[in-house]
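Before any comments, here is the structure.
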Amino acid sequence: MQDSNAPAFKPLIGTDEANIDAKGRLLIREKKRLRLGKTFVMAYAETGCIAVYPEDTWQSVVAELMSGSVRERQARPENRLVFGSAEDDLTCDTEGRVMIPRRLREQAKIGKSVIVLGCGDYLEIWDPVQYGVHERLQEAKRLAAQMNPGGQA
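Heads up: the sequence shown begins at 81 in the working numbering, then just goes up one per residue.
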């Protein structure tokens with residue numbers, strides 16, 4: 081039975097266009113900020129964006145990536161990608177801005193303009209051009225799967 085006094089989960093939703101200022105800061109809209117929580121984690125995602133995780137979601141990501149033997153974990157390139165790029169204990173300043181580390185901005189090819197996507201339990205920060213390329217690639221994969229439903233050549 082769920083505790084009726086526990087706050088209901090409010091997903092991170094919506095798409096925002098925003099700008100990175102000269103100091104590398106991004107203003108996160110208040111609704112998203114409140115749902116992210118006081119501290120959060122950023123990491124480069126294999127899709128080419130920056131993923132922003134609330135602390136509790138990050139703990140789930142860590143648990144999943146740490147599952148299996150050491151040998152199995154060493155064979156997963158996403159472990160090095162995520163853990164190697166992660167920045168934790170990030171917070172917004174009093175104006176609602178967060179500093180995106182230069183290394184992450186460079187990895188995700190982020191310049192001045194960004195798209196911030198709510199993805200339920202985390203956010204994605206995309207360069208608009210990279211996001212367009214990613215979406216076209218995903219659409220091409222969907223079309224290919226429809227044309228070849230059995231997956232055989």
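For every residue, glycine included, the Cβ atom is placed at its ideal position computed from N, Cα and C.
Beta-carbon proximity list for L145, same chain, < 8 Å, skipping 5 on both sides: Correct list, in chain order: R153, R156, E158, N159, V162 and F163.
What's the C-alpha gap between Y202 and R222? For the pair Y202 and R222, the Cα-to-Cα distance works out to about 24 Å.
Any chance the stretch 207–220 sits against the stretch 132–147, with 3 or more Cβ pairs inside 8 Å? The stretch 207–220 vs the stretch 132–147: no contact.
In whole angstroms, give me the CA-to-CA distance for V178 and D169. Straight-line spacing of the CA atoms in V178 and D169 works out to 11 Å.
What is the DSSP secondary structure of A166, reduced to helix, strand or coil? Annotated three-state conformation of A166 is coil, per DSSP.
Take A72 and list the residues in its own chain whose beta-carbon comes closer than 6 Å to its own, dropping the five residues that flank it on each side. The shown model of the chain, from 81 to 233, leaves out residue 72, and the question about it has no answer.
Taking 9 Å as the cut-off, decide whether the C-beta atoms of I100 and K192 are in contact. Yes. Within cutoff.
Top-ranked residue by Cα proximity to A102, from I108, I180, S149 and N228: The shortest Cα separation from A102 among I108, I180, S149 and N228 belongs to I180.
Identify whether M81 lies in helix, strand or coil by the three-state DSSP scheme. Confidence at M81 is low in this model, with a pLDDT of 49, below 50, so the placement of that residue should be treated as unreliable; the coordinate-derived value is given next. It is coil, neither helix nor strand.
Would you mind stating whether E235 and A125 have Cβ atoms separated by less than 9 Å? One cannot answer for residue 235 here, as it falls past the ends of the chain, which runs 81 to 233.
List the whole-angstrom C-beta distance separating I195 from T95, where the pair is believed to meet the contact cut-off of C-beta under 8 Å. Their Cβ separation, rounded to whole angstroms, is 6 Å, which keeps I195 and T95 in contact under 8 Å.
If you scan the stretch 116–164 from start to end, which runs of the alpha helix (DSSP H) of 4 or more residues do you find wholly inside it? The qualifying runs are 135–145 and 150–154.
Per DSSP, the bridge partner or partners of T98: It should be pointed out that residue 98 corresponds to Ala in this sequence rather than to Thr. V194.
Using the C-alpha atoms, what's the distance from D207 back to M81? Here M81 scores only 49 on pLDDT, less than 50, and its place in the model is too uncertain to base an answer on.
I believe L92 touches C199 by the beta-carbon criterion, under 8 Å. Please report the beta-carbon distance rounded to the nearest angstrom. Going by Cβ atoms, the distance from L92 to C199 rounds to 6 Å, so yes, they are a contact pair.
Does DSSP put E175 in a helix, a strand or coil? Coil, per DSSP.
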